[in-house]
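First up is the structure itself, then whatever we jot down about it.
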Amino acid sequence: MSETAIPSEPMQDSPHRGKVASKAKEEIRRTYERLHAGIRRGLRVFATRDEDHRGYR
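Numbering (full-length UniProt numbering), first residue to last: 1 to 57.
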């Protein structure tokens, strides 16, 4: 539906779109994993730094 809204080269976008979408999805997944790892590391740092008044142990 959104392809018809874009008049410039509508046919060239269609076969290329799946590849771009999968590539973007993979990139997002990789970024998410890195973000999760950073969050876990950050939480661990927080837990070890102020565990006396945080409840972490």
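Yeah, the Cβ is synthetic: ideal placement off N, Cα and C, and Gly gets one too.
Cβ-heavy atom distance, residue i to the ligand FMN, below 8 Å
| i | result |
| --- | --- |
| Y32 | Ligands displayed in this structure: none; no statement on the ligand FMN is therefore possible. |
Same chain, Cβ closer than 6 Å to residue i, five either side skipped, listed in chain order
| i | result |
| --- | --- |
| R30 | none |
Own chain partners of residue i with C-beta closer than 7 Å, once the 5 adjacent residues on each side are dropped
| i | result |
| --- | --- |
| K25 | none |
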